[in-house]
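Protein chains in written order, with the working numbering: chain A, 1 to 485; chain B, 1001 to 1522.
Cβ atoms here follow ideal geometry from the backbone N, Cα and C, with glycine treated the same way.
In this text, all values refer to a predicted model and were calculated from it rather than measured experimentally.
One structure below.
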Amino acid sequence: MHPIFASIAIAGPETVLTLGSLAALMLGTFTGGPRALTVTSLFSVAILALAGFTLMDAPAAATIAFDGLYVADAFSAFLKVIILVAAAASVLLAQPWLGASGGRFEYPVLMLLATLGMAIMVSANDLITLYVGLELAALPSYVLAAFHRADDRSAEAGLKYFVLGALASGILLYGVTLVYGFAGSTQLDVIAGLVAGQPERSLGLLVGIVFILSGLAFKVSAVPFHMWTPDVYEGAPTPVAAFFSAAPKAAALGLMARVLVVAFPGKVAPDWQQIILFIAIASMVLGAVAAVAQTNIKRLLAYSSIANIGFALVGLAPGTPDGISALLFYITVYVAMTLGSFLVVLQLRRPDGAPVETMADFAGLSKTRPGLALAMAVFMFSLAGIPPLLGFWPKFAVFQAAVAAGLLPLAIIGFIASVVAAFYYLRLIKIMYFDAPEVSLDSEGSAVNGGMIAACALFCSPLGMLAMSPLAVATTRAAAALFPA
Amino acid sequence: MPILSIMILLPVVAALVVATLPGGEAERAGRARVVALATTLIELALGIWLWAAFDQTTAAFQFAEKRPLFAPYLDWSLGIDGIALMLIALSVFLMPLCILASWESVQKRVPEYMAAFLLMESLMIGTFAARDIFLFYLFFEGGLIPMFLIIGIWGGARRIYASYKFFLYTLLGSVLMLVAMLWMVGFAGSSDIGVLARTDFPKEAQVWLFLAFFASFAVKMPMWPVHTWLPDAHVEAPTAGSVILAGVLLKLGGYGFIRFSLPMFPDASAQLIWLVFGLSMVAVVYTSLVALVQHDMKKLIAYSSVAHMAFVTGGLFALNTQGIEGAMVMMLSHGLVSGALFLCVGVIYDRLHTREIGRYGGLADTMPRYALVLLFFTMASVGLPATSGFVAEFLVLLGLYQTSTWATFVLTTGIILGAGYMLWLYARVAYGKAAGDDTRAMPDLNAREIAILAPIVVATLWMGIYPKSFQQPMKPAIAEVVARLEGRELATVPTDMTLSPMKAEMALPALTSPAQAAESHH
């Protein structure tokens, strides 16, 4: 058998997603009419499920495909599960909104393409694959941000995202060329060997790492490359913002971890660690402080995601298996928390039919919609990291890894930032529970979204702590894949 | 039978039941009250059973349970020694009284209120029963959520400010402790409290660890100067919220000191007694003076709580048996007495809807039964012999005298000041002329209020007359803590008034001659 067929078999999820997205495009086009959206959406979810199914017997040890361009291991499998679940949820949660706004079937197709890009990202074993995956994930995202094309804000969000994203891609590519020039390869594991063989630290390589990290920091919206996030979240349609806050973050963080840990271990590790330290601290602090003054709920969630990325990066900073395992744990819980929060926002409608935008709209929600208010309170306390809610434990895990690696100051700064952040999460709870209702918000009444809210809330509640043990087994196994014995 | 798990989980289940009761607004409220009362009474029964089955001769953790439910992060590991037992007993004793106290005064969102209280109970028992340090943290911090909601939803006019202040203050203190915990567990290789209490941490590290834990416990305690959240939280909390706050939540700090700071960082504890004594001395004098000028009854009692808590820290850091035992009795006594005082304030607040001292007066004529109960608890707060307050203050001063006579001297002035503000409060409320016709028209205690206050009167007298019942279970556990502290190098503090090194001679007479020590008390 030609090696290409073996490679295609190893890259099962990507193969399914590639063929599936093309088929979905055909299906949508030929179905036509108002049914196209529903049919394509359900088909897309089925494709995502099928892609997840191919992960069932994914190898634990690194399996190289496409002549070293692609790697399948427990790490990529773990992240792909999260990405696929988050993408499927993003397709489903957009249904009421899509139905109300004309129902174009391109939405699920673009989602599938972006998901394909993200799957490639977390399996990239080569800087070129990395770039291809990144762009494949980014291009549909630009379109999605501007999906509400009649709306000025949505168009502006799309354009802003595109311009800044293109700039970040350029910076990243420049970093790739520098690394290639000073190390001699674009394949991650080969770079590690070549760098280890170099007699002394190469300044050019360091500059290359900085450029690559800058590009990736843009994708995860870490400070100081975060500026686009609040604007894009605010301008983009809410389901799209929900999508942006979940799956792409997981993919980009995973990619970042793989590039740094696999390609630059050993003596160059301290070089990138201090960069990660800086952006982690900056993200935690800025995400916490800047959110205090926000009144728009989507901007608040944007700053919250910036702060959360900072916390997740704390797990990356030590560069240890424990740290990576904690990072994966963080990503898992973060995706549930942020999707849950966006779902609640999506589920609410003002009496005049307009979507909920400002935090003041939530006033007295605990009286008018007690169930949704309770779910939102769970997400907010969880994001604030108050035990016994599940959101506390990933913070705990990343800081445990940081302390074990001797990064005590990082842990102290991080926890203090989390207290500042608690202030604005509490503010939303105060608005929902302590204030009197001004308008009675209507529920969108989507049963699917209601079910997803309940599932996320249950996961983030103290009951979710029971999932910690099995999750820890999976994350440890996944993290071990990055560290060849 | 996993009795501790049952005691922790039963209120959670009841809270879920209460929150999801069917029916109309009034029906739900009625059912919620009944379910909550029944649950807390079952908890009380379980607590009594726990006490009866407790082996008072050993310091080992009893009723131990261990399940690796949350591995590798923490274990569901429970177990109690005498100290934890007494504090659990206090919690389950006060809880039904809180529910009864809110029976009529809380009319807004009753099911949610009852659910929050039941969650509170579960978290408090969990805090005292946890044997895994992270499980302890979980319960310790988890208590913030229901308390935040209780103050914020059912509190008074400035409730939102108070709830924020309470939440953020205590959270900031605790996260530093968490960092220290992470380091300690990394060092010792186990998160079991028993193992950590036997680990000898390096002396230099101990100081930092001590300070990190101190940041958390000092806020919870609360010690001067981080006590400012307490009066705000108390004033704005509903009556039952104040009772739980004063009765149990304030004990978390003292419990933390005795469970973590003293046995785990004995060297640092001995080295930093000057810090604790200094803050305690300032707290006693300063907050007593502040209490003197209060117009709001709840604020006055809140400031008196800070002063009493300074006795607890003073006693704990005397680092000897009498001092620590005294501190424990002080915590139990304060839980009963200040809880009862808040209930007393609640009684007249329900009638007149003001806590302004000047609006009352002459209650000894119009509400004789009430005036009697209030007098009793005023005396208990001052520390009259035969009440629990006396035992507590006496033991604390006895222990403290052996470590620092100066601290003892200053703390003793606190007793005099305490008598000042409490008796003056009583005089203004109960004697003189009623401030208005509405004050005069207030009815005396009803049956429900008597049923709430009578058990506390009995417990306070019992603890005052025969404190052995309460001290005996704690003795082995306290002996173990003292054993950890033995032979540690003390910081140089002025230990006696002659300023000459006569520590040993000064210590002994105080032990052998109770009469002399009693003199120093009065």
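C-beta contact flag for leucine 1097(B) and glycine 1389(B) at 9 Å:
Cβ distance not < 9 Å, so leucine 1097(B) and glycine 1389(B) don't count as in contact.
In angstroms with no decimal places, state the Cα-to-Cα distance between valine 356(A) and leucine 1178(B).
Looking at the two C-alpha atoms, the distance is approximately 37 Å.
Assuming valine 232(A) and leucine 144(A) make a contact with CB atoms under 8 Å, what is their CB distance in whole Å?
About 10 Å separates the two Cβ atoms, so there is no contact after all.
How big is the Cα-Cα spacing for isoleucine 1465(B) and leucine 1050(B)?
One C-alpha to the other measures close to 23 Å.
May I ask you to list the residues that DSSP assigns as paired with tryptophan 1076(B)?
As DSSP reads the structure, tryptophan 1076(B) sits in a beta bridge with Arg1067(B).
Tell me, please, which residues DSSP counts as bridged to arginine 349(A).
Note: arginine 349(A) sits in a beta bridge opposite Pro355(A), Asp442(A).
Please work out which residues of its chain come closer than 7 Å, Cβ to Cβ, to valine 262(A), disregarding the five sequence neighbours upstream and downstream, and give them in chain order.
The answer, listed in chain order, is Leu188, Asp189, Ala192, Leu482.
Proximal residues, the stretch 1042–1072 of chain B versus chain A, C-beta separation under 7 Å:
The stretch 1042–1072 of chain B vs chain A, Cβ under 7 Å: Leu1069, Phe1070, Ala1071, Pro1072.
Please state whether DSSP places threonine 1354(B) in a helix, a strand or coil.
When secondary structure is reduced to three states using DSSP, threonine 1354(B) falls in the coil class, being assigned neither helix nor strand.
Would you decide whether arginine 1131(B) is buried or exposed? Buried here means 16 or more other CB atoms lie within 10 Å of its CB.
When all chains shown are included, arginine 1131(B) counts as buried.
Residues in the stretch 1136–1147 of chain B with C-beta within 9 Å of chain A's C-beta atoms, listed in sequence order?
Cβ contacts with chain A: Tyr1137, Leu1138, Phe1139, Phe1140, Glu1141, Gly1142, Leu1144, Ile1145.
Flag this pair as touching only if the stretch 1387–1407 of chain B and the stretch 1357–1368 of chain B have three or more C-beta atom pairs under 8 Å; answer yes or no.
When Cβ pairs closer than 8 Å are counted between the two stretches, the stretch 1387–1407 of chain B is seen not to touch the stretch 1357–1368 of chain B, the count staying below three.
Would you please state the rounded distance, in angstroms, between the beta carbons of phenylalanine 1217(B) and leucine 1209(B)? I believe it to be under 8 Å.
That belief does not hold up - the Cβ atoms of phenylalanine 1217(B) and leucine 1209(B) are roughly 12 Å apart, past 8 Å.
Would you give the residue range spanned by the alpha helix (DSSP H) that threonine 320(A) belongs to?
In this chain, threonine 320(A) is not harboured by any alpha helix (DSSP H), its DSSP state being neither H nor E.
Give a yes or no on whether 9 Å exceeds the smallest Cβ distance from phenylalanine 500(A) to chain B.
As shown, chain A starts at 1 and ends at 485. That puts residue 500(A) outside it, with no answer to give.
Residue(s) in a DSSP beta bridge with isoleucine 64(A)
Per DSSP, Val71(A).
Taking only beta-carbon positions, decide if leucine 1211(B) is within less than 9 Å of chain A.
Not an interface residue.
Is it buried or exposed, tyrosine 1431(B), if we count other Cβ atoms within 10 angstroms and call 16 or more buried?
Tyrosine 1431(B) is exposed by the Cβ-count criterion.
Counting only C-beta atoms, is glutamine 400(A) closer than 9 Å to chain B at any point?
Closer than 9 Å: yes.
Just to check my reading of the structure: glycine 208(A) and leucine 178(A) have Cβ atoms closer than 8 Å, yes? What is that Cβ distance to the nearest angstrom?
Indeed, because the Cβ distance is near 3 Å, the residues count as touching under 8 Å.
Residue range of the alpha helix (DSSP H) that includes threonine 476(A)
468–480 is the span of the alpha helix (DSSP H), which, as asked, contains threonine 476(A).
Just mark histidine 1227(B) as buried or exposed, buried being the case when its beta carbon has 16 or more other beta carbons within 10 Å.
Classification of histidine 1227(B): buried, given that the 10 Å Cβ count is 16 or more.
Reduced DSSP category for alanine 405(A) - H, G, I as helix; E, B as strand; rest coil:
DSSP places alanine 405(A) in coil when its eight states are reduced to three.
If you compare alpha carbons, which of Ser418(A), Met452(A), Ile64(A), Ala124(A) is closest to alanine 290(A)?
Comparing Cα positions, the closest option is Ser418(A).
Determine the burial state of glutamate 438(A): buried for a count of at least 16 other Cβ atoms within 10 Å of its Cβ, exposed for fewer.
It is exposed - the Cβ of glutamate 438(A) has fewer than 16 other Cβ atoms within 10 Å.
Out of Gly197(A), Ala183(A), Val259(A), which one is the CA nearest neighbour of alanine 217(A)?
Relative to the Cα of alanine 217(A), the nearest Cα in the group Gly197(A), Ala183(A), Val259(A) belongs to Val259(A).
Please say whether alanine 280(A) and serine 487(A) have beta carbons closer to each other than 9 Å?
The structure shown has nothing for residue 487(A), since chain A only spans 1 to 485.
Closer than 7 Å at the beta carbon, the chain B residues around tryptophan 458(A):
With the sequence shown as reference, residue 458(A) is identified as leucine, and tryptophan is not the correct amino acid for it. Near leucine 458(A) there are no residues of chain B at all, since even the closest Cβ is about 13 Å away, more than 7 Å.
Using a beta-carbon distance below 9 Å, is valine 1175(B) in contact with chain A?
At least one beta carbon of chain A lies nearer than 9 Å to the beta carbon of valine 1175(B).
Helix, strand or coil: how does DSSP classify glutamine 1294(B) here?
Under the three-state reduction of DSSP output, glutamine 1294(B) falls in the coil class, being neither helix nor strand.
Valine 1243(B) and leucine 1119(B) - do their beta-carbons sit closer together than 9 Å?
In this structure, valine 1243(B) does not lie closer than 9 Å to leucine 1119(B) by Cβ.
Member of Leu1004(B), Ala1059(B), Thr1170(B) whose CA lies at the smallest distance from the CA of proline 1222(B):
It is Thr1170(B).
Which residues in chain A have a C-beta closer than 8 Å to the C-beta of tryptophan 1183(B)? List them in chain order.
Val403, Leu408, listed in chain order.
Inter-residue Cα distance where the pair is alanine 479(A) and threonine 18(A)
Roughly 27 Å separates the two Cα atoms.
Going by C-alpha distance, which of Leu1135(B), Phe1213(B), Met1297(B), Leu1250(B) is nearest glutamate 1065(B)?
For the residues Leu1135(B), Phe1213(B), Met1297(B), Leu1250(B), the minimum Cα distance to glutamate 1065(B) belongs to Leu1135(B).
Identify the continuous alpha helix (DSSP H) that holds glutamate 1480(B) and give its terminal residues.
Membership of glutamate 1480(B) in the alpha helix (DSSP H) is indicated by the continuous run 1475–1485.
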